[in-house]
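Novice: Going by this note's numbering, the first residue of the sequence shown is number 176, and it counts up by one from there. Virtual Cβ for every residue (Gly too), placed ideally from N, Cα, C.
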Amino acid sequence: MLKPLLMAAAIGFTVLSTTTQADTLRCGSQLISAGDRMFEVQQKCGQPISQDIVGYKETVNHFRQVDQVQVQEWIYGPNNGMYQYLRFEGGRLVRIDSKRGR
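1. Between which two residues does the beta strand (DSSP E) carrying Gln218 extend?
2. Identify, in the order they occur along the chain, each residue of the same chain with its Cβ nearer than 7 angstroms to the Cβ of Val216, setting aside the five sequence neighbours on each side.
3. Among Gly203, Ile224, Cys220, which has the Cα closest to the Cα of Asp211?
4. Using the Cβ count rule (16 or more neighbours within 10 Å means buried), how would you classify Gln259?
5. Whose C-alpha, out of Gln218, Ile224, Glu248, is nearest the C-alpha of Gly230?
6. Is DSSP giving Ala197 helix, strand or coil here?
7. According to DSSP, is Asn254 part of a helix, a strand, or is it coil?
8. To the nearest angstrom, how far is it from the Cα of Ala209 to the Cα of Gly265?
9. Out of curiosity, what's the CA-to-CA distance linking Arg275 and Gln240?
Take a look at the structure:
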(Lines of atoms letter the chains of each structure in order from A and count residues from 1; the text may use other names and numbers.)
(Lines give C-alpha, C1' and ligand atoms only; values in the text may rest on other atoms or scores of the structure.)
Protein backbone atom coordinates (compact mmCIF):
# COMPACT_ATOMS: atom_id res chain seq x y z
CA MET A 1 0.00 0.00 0.00
CA LEU A 2 2.86 2.38 0.82
CA LYS A 3 4.72 1.71 -2.43
CA PRO A 4 1.89 2.96 -4.73
CA LEU A 5 1.55 6.07 -2.58
CA LEU A 6 5.26 6.82 -2.87
CA MET A 7 5.14 6.27 -6.65
CA ALA A 8 2.18 8.65 -6.98
CA ALA A 9 3.98 11.27 -4.90
CA ALA A 10 7.12 10.92 -7.01
CA ILE A 11 5.13 11.31 -10.24
CA GLY A 12 3.32 14.33 -8.81
CA PHE A 13 6.63 15.92 -7.79
CA THR A 14 8.07 15.32 -11.25
CA VAL A 15 5.07 16.94 -12.92
CA LEU A 16 5.20 19.90 -10.55
CA SER A 17 8.94 20.36 -10.96
CA THR A 18 8.76 20.67 -14.76
CA THR A 19 6.68 23.87 -14.60
CA THR A 20 7.18 26.69 -12.14
CA GLN A 21 5.54 30.07 -11.83
CA ALA A 22 7.34 33.17 -10.61
CA ASP A 23 6.53 36.81 -9.95
CA THR A 24 9.93 38.01 -11.19
CA LEU A 25 12.49 36.95 -13.77
CA ARG A 26 16.13 37.97 -14.12
CA CYS A 27 17.24 39.08 -17.58
CA GLY A 28 20.99 39.61 -17.36
CA SER A 29 21.40 42.17 -14.59
CA GLN A 30 17.78 43.41 -14.89
CA LEU A 31 14.62 42.15 -13.22
CA ILE A 32 11.15 42.04 -14.73
CA SER A 33 8.00 41.44 -12.74
CA ALA A 34 4.23 41.23 -13.02
CA GLY A 35 2.79 44.60 -13.96
CA ASP A 36 5.69 45.59 -16.25
CA ARG A 37 4.77 46.89 -19.69
CA MET A 38 5.73 44.99 -22.85
CA PHE A 39 8.26 47.59 -23.97
CA GLU A 40 9.97 47.49 -20.54
CA VAL A 41 10.30 43.71 -20.77
CA GLN A 42 11.70 43.90 -24.30
CA GLN A 43 14.21 46.59 -23.23
CA LYS A 44 15.44 44.42 -20.35
CA CYS A 45 15.25 40.94 -21.93
CA GLY A 46 15.66 41.60 -25.64
CA GLN A 47 13.69 40.04 -28.47
CA PRO A 48 11.82 36.83 -27.51
CA ILE A 49 12.22 33.70 -29.64
CA SER A 50 8.44 33.67 -30.11
CA GLN A 51 5.62 36.23 -29.80
CA ASP A 52 2.06 35.00 -30.28
CA ILE A 53 -1.34 36.58 -29.85
CA VAL A 54 -3.29 33.86 -28.05
CA GLY A 55 -6.63 35.64 -27.86
CA TYR A 56 -8.59 38.35 -26.13
CA LYS A 57 -9.91 38.70 -22.60
CA GLU A 58 -12.92 40.68 -21.45
CA THR A 59 -12.38 42.95 -18.48
CA VAL A 60 -14.64 45.34 -16.59
CA ASN A 61 -13.18 48.79 -15.94
CA HIS A 62 -13.91 51.05 -12.97
CA PHE A 63 -16.85 52.58 -14.90
CA ARG A 64 -18.36 49.07 -15.19
CA GLN A 65 -17.76 49.05 -18.94
CA VAL A 66 -16.67 45.82 -20.60
CA ASP A 67 -13.40 46.11 -22.49
CA GLN A 68 -11.46 43.56 -24.52
CA VAL A 69 -7.71 43.33 -24.06
CA GLN A 70 -5.24 41.41 -26.18
CA VAL A 71 -3.50 38.40 -24.62
CA GLN A 72 0.03 37.58 -25.84
CA GLU A 73 2.56 34.92 -24.95
CA TRP A 74 6.28 35.57 -25.34
CA ILE A 75 8.87 32.82 -25.04
CA TYR A 76 12.51 33.29 -24.02
CA GLY A 77 15.24 30.68 -23.81
CA PRO A 78 16.58 28.19 -23.61
CA ASN A 79 18.70 29.20 -20.66
CA ASN A 80 20.29 26.15 -19.02
CA GLY A 81 17.56 24.04 -20.63
CA MET A 82 14.73 26.24 -19.32
CA TYR A 83 12.24 28.26 -21.35
CA GLN A 84 10.41 31.24 -19.88
CA TYR A 85 6.80 31.80 -20.97
CA LEU A 86 5.57 35.35 -20.35
CA ARG A 87 1.85 36.17 -20.55
CA PHE A 88 0.72 39.71 -21.24
CA GLU A 89 -2.85 40.99 -20.93
CA GLY A 90 -3.56 44.46 -22.24
CA GLY A 91 0.17 45.14 -22.67
CA ARG A 92 1.05 44.27 -19.04
CA LEU A 93 2.95 41.23 -17.80
CA VAL A 94 0.61 39.07 -15.72
CA ARG A 95 2.41 35.71 -15.44
CA ILE A 96 5.86 34.17 -15.78
CA ASP A 97 6.14 30.39 -16.17
CA SER A 98 9.35 28.39 -16.56
CA LYS A 99 9.44 24.96 -18.17
CA ARG A 100 12.25 22.58 -18.97
CA GLY A 101 12.48 21.68 -22.66
CA ARG A 102 9.89 22.90 -25.12
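Specialist: Working from what's here:
1. That residue, Gln218, is in no beta strand (DSSP E); its alpha helix (DSSP H) goes 213-220.
2. A distance below 7 angstroms between beta-carbons, with the five flanking residues on each side excluded, links Val216 to the following residues of its chain, in chain order: Ile207, Leu261, Leu268.
3. Distance check between Asp211 and each of Gly203, Ile224, Cys220 places Cys220 closest, using alpha-carbon atoms only.
4. Around the Cβ of Gln259, a 10 Å sphere holds 16 or more other Cβ atoms; the residue is buried.
5. If we check each option's Cα against that of Gly230, Glu248 comes out closest.
6. Strand at Ala197.
7. The answer is strand: DSSP assigns Asn254 an E or B state.
8. Between Ala209 and Gly265, the C-alpha separation is close to 12 angstroms.
9. One C-alpha to the other measures close to 40 angstroms.
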